[in-house]
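Residue numbers (the working numbering): 30 to 415.
Ideal Cβ positions, reconstructed from N, Cα and C, are used throughout, including at glycine.
Predicted model, so just to flag it, every value in this text is computed and none were measured.
First the structure, in the form of structure tokens, and then the observations on it.
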């Protein structure tokens, strides 16, 4: 600690014996100082009397610091307690600037900081509402934290999904969707197919499927030589076949005569007319020999059938007798009586009797006779062994 010796008169103390300097002695006070060269000199320490304006003030780490100018403060004016020797003045504008409160709009109305009342409006628990995708302006001012902005009520849908049928649609429900949902389809597909026409209906199995190809039905091609001469076949789509050119018939293995086709046949009293054998047996009402067949194989057969039709004369119903001969075609092997209705096609079934099982009948004759008048004409289109 420095020592100062205040002298009233001369003595034996020198500057070397003291530690204070002139800067430690208030202005107006005299003292021997270390730097006075053994002389009593006036101090240079500033006497601030009772009040001074601080040249320095600032905030740091939430503490406020005020710089005190160097000097002496020996008077307690303005301090009834007598503790302070003086006062340091800080301007209110400087104080508000130091603590970050220079703008009064930064604190609410009714609050004073460093002599300045705030101008921020008090909003309390201000509330607002906003529509979907809307916005709202929140008014400036002090809000007490209990207010709120309310949006529309939205149902949470999350990962909503649905499935769509063929040509269908689905209503997407309102609400918030999280973006992972979807609408899909699960429809079977069917590629191209071919339906070949035939004698039965064909069905393409495409019900409920999505077609990825075409259905093809090939055209039906029937050669003209398989269609009756002069005839045409009309198909369901309205198209027509070529005009037929076929004029003949195909006899079966058991047919001796079939629509103009004859096997080893010799005509006797019958005659040709187109594809038929025409006869009139009733001029004498006796057996009327129509045709003979040569070298006939009757093996495995029991009857000879004649398919015929009355074409003129006669009554609405009629009786006729049909028979067969063997060897020379003159003797009667068997005969049968047939009831005939005019214009009907009728089959006369004549037993082969002893000719059955014979593999080579040299000559087989066929005859017809009347049971009563009137006379008739008839035609034969088929003679077969059965």
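Asked: Strand pairing of residue 88, partner residues [DSSP]; Found: 93
Asked: Residue 126 (DSSP reduced to helix, strand or coil); Found: helix
Asked: Alpha-carbon to alpha-carbon, residue 86 and residue 51; Found: 28 angstroms
Asked: Residue 173 - DSSP class collapsed to helix/strand/coil; Found: coil
Asked: Which of helix, strand or coil DSSP assigns to residue 191; Found: strand
Asked: Distance CB(residue 55)-CB(residue 81) smaller than 8 angstroms; Found: no
Asked: Coarse secondary structure for residue 224, derived from DSSP in three states; Found: coil
Asked: Within 8 angstroms, strictly: CB atoms of residue 410 and residue 304; Found: yes
Asked: Exposure of residue 318, with buried meaning 16 or more beta-carbon neighbours within 10 Å; Found: buried
Asked: Contact belief for residue 293 with residue 389 at Cβ below 8 angstroms, rounded distance in angstroms; Found: Not a contact, Cβ separation roughly 11 angstroms.
Asked: C-alpha gap between residue 314 and residue 276, whole angstroms; Found: Caution is warranted here: a pLDDT of 48 is assigned to residue 314, below 50, making its placement in the model unreliable, and no coordinate value can be reported.
Asked: Best match in 171, 396, 150 for proximity to residue 297 [C-alpha to C-alpha]; Found: 396
Asked: Simplified DSSP assignment, three categories, for residue 76; Found: strand
Asked: Those residues which DSSP pairs with residue 321 across a bridge; Found: 295, 394
Asked: Inter-residue Cα distance where the pair is residue 358 and residue 328; Found: Note that residue 358 has pLDDT 48, beneath the 50 cutoff, so the model's placement of it is unreliable and the number below is only indicative. Each residue's Cα considered, the two are about 19 angstroms apart.
Asked: Separation of residue 133 from residue 162, as counted between CA atoms; Found: 36 angstroms
Asked: When 102, 229, 61 are compared against residue 41, the one with the closest alpha-carbon; Found: 61
Asked: As assigned by DSSP and simplified to three states, the class of residue 247; Found: coil
Asked: Buried versus exposed call for residue 355 [16 or more other C-beta atoms within 10 Å across all chains shown]; Found: buried
Asked: Bounding residues of the beta strand (DSSP E) (the contiguous stretch that carries residue 168); Found: Neither: residue 168 is in no beta strand (DSSP E) and is coded neither H nor E.
Asked: Beta-carbon proximity check, residue 273 vs residue 259, cutoff 8 angstroms; Found: yes
Asked: Bridge partners - residue 416, DSSP secondary structure assignment; Found: In the structure as shown, the chain begins at 30 and stops at 415. Residue 416 is therefore absent and cannot be evaluated.
Asked: Closest Cα partner of residue 195 within the set 285, 224, 237, 179; Found: 237
Asked: Residue 158 CB to nearest heavy atom of the ligand SAM below 7 angstroms; Found: For the ligand SAM, the structure offers nothing, since it holds no ligand at all.
Asked: Where residue 147 falls, given that 16 or more other Cβ within 10 Å makes a residue buried; Found: buried
Asked: Neighbourhood of residue 212 by C-beta, 8 angstroms cutoff - its chain only, sequence neighbours within 5 removed; Found: 190, 191, 192, 193, 199, 201
Asked: Per-residue DSSP class, three states only, for residue 308; Found: strand
Asked: Under 8 angstroms between C-beta atoms of residue 279 and residue 295; Found: no
Asked: Residue span of the beta strand (DSSP E) that contains residue 408, given as start and end; Found: 405-414
Asked: Length of the line joining the Cα atoms of residue 37 and residue 53; Found: Unreliable positioning characterises residue 37 in this predicted model, as indicated by a pLDDT of 48, which lies under 50. A coordinate reading is not provided.
Asked: Where residue 207 falls: helix, strand or coil (DSSP); Found: coil
Asked: One or two residues paired with residue 381 in a DSSP bridge; Found: For residue 381, which the question treats as bridged, DSSP gives no partner whatsoever.
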